[in-house]
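Take the position in the sequence shown, starting the count at 1, then add 208; the result is the number in the numbering used here. Here a beta-carbon is modelled for each residue, glycine too, at the ideal position from N, C-alpha and C. Model, not experiment: these values are computed from the prediction.
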Amino acid sequence: MAKLTINEARCKGCGLCITACPKQILALSDKINEKGYNPVMMTDQEKCIGCAFCATMCPDTVIKVEK
Ligand code: SF4
Ligand code: SF4
Numbered sequence: 209m210a211k212l213t214i215n216e217a218r219c220k221g222c223g224l225c226i227t228a229c230p231k232q233i234l235a236l237s238d239k240i241n242e243k244g245y246n247p248v249m250m251t252d253q254e255k256c257i258g259c260a261f262c263a264t265m266c267p268d269t270v271i272k273v274e275k
């Protein structure tokens with residue numbers, strides 16, 4: 209199981225990482241960050257395979273994946 213660190217303050221809610229995740233475990237949260245966007249969140253940590261597609265896809269390096 210991999211650990212995801214999401215820098216919520218930097219996320220602009222573009223959803224690219226959500227589309228990229230093969231396990232469909234990323235979603236936009238109901239929270240609003242200081243930029244006025246809904247930041248992405250992990251919905252099921254158990255299912256994460258650590259592929260880092262989400263981190264690779266993010267244009268703002270919001271997501272960090274650690275195995
Ligand atoms: S590391 Fe892979 S499985 Fe885990 S959240 Fe990112 S895209 Fe999804
Ligand atoms: S790709 Fe990056 S900026 Fe876009 S929603 Fe995902 S974490 Fe946020």
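Residue side-chain check: M265 places its Cβ nearer than 8 Å to a non-hydrogen atom of ligand 2. Ligand 2 approaches C219 closely enough that one of its heavy atoms is under 8 Å from the residue's Cβ. Under DSSP, no beta-bridge partner is assigned to A217. Secondary-structure assignment with DSSP links L224 through no beta bridge to anything. DSSP lists M249 as the beta-bridge partner residues of A235. V273 is bridged by DSSP to L212.
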